[in-house]
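Presented below is the structure to which this report refers.
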Amino acid sequence: MIAVALAATFARKLGYIDGDAVTRLVIGLNGLMIAWIGNRIPKTFVPNARAQQANRVAGWSLVLSGLVYTGFFVFAPIQIAVIGGCGAIVAGMLVTFGYCLSLRKRKNAA
Numbered sequence: 014m015i016a017v018a019l020a021a022t023f024a025r026k027l028g029y030i031d032g033d034a035v036t037r038l039v040i041g042l043n044g045l046m047i048a049w050i051g052n053r054i055p056k057t058f059v060p061n062a063r064a065q066q067a068n069r070v071a072g073w074s075l076v077l078s079g080l081v082y083t084g085f086f087v088f089a090p091i092q093i094a095v096i097g098g099c100g101a102i103v104a105g106m107l108v109t110f111g112y113c114l115s116l117r118k119r120k121n122a123a
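Those letters in the sequence shown? Residues 14 to 123, by my numbering.
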């Protein structure tokens, strides 16, 4: 990611791309990194079945929110991308947190 940021900055200095493209590229890569981390979460070993369920939901919500975040920064105006992208990440976190609370409630009810 650092190499891409440095290459984009160099390309901007040479006049190949503008500053807005550099910003979109670097921030869009952050969304792809969030999606990559979300893809890795379900693959980690946990001994508990409920923890495995929580990992799967966390993985899916991070992958989807990371891709939406990237999509906003690639296609939307910057002002809308900031609001929409951050909203997507917060929504993914809330889905994960809510699912973990529902698993806890089910455990206490059983």
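C-beta atoms are modelled at their ideal positions from N, C-alpha and C, and glycine is treated no differently.
Excluding residues up to 5 positions away in sequence, Leu116 lie with their Cβ nearer than 7 Å to the Cβ of Gln66 in the same chain. Residues of the same chain with a CB within less than 7 Å of the CB of Asn52, apart from the 5 flanking positions on each side, are Gly72 and Val76 in chain order. When secondary structure is reduced to three states using DSSP, Phe88 falls in the helix class.
Annotation for Ile30: Ala21 and Ala24 place their beta carbon closer than 7 Å to its own, counting only its chain and skipping 5 residues before and after. Gly79 sits in a helix when the DSSP states are folded into three classes. Distance check between Gly105 and each of Leu114, Ser78, Ala64 and Phe86 places Ser78 closest, using alpha-carbon atoms only. Judged by pairs of C-beta atoms under 8 Å, the stretch 54-63 does not touch the stretch 86-101, as fewer than three such pairs exist.
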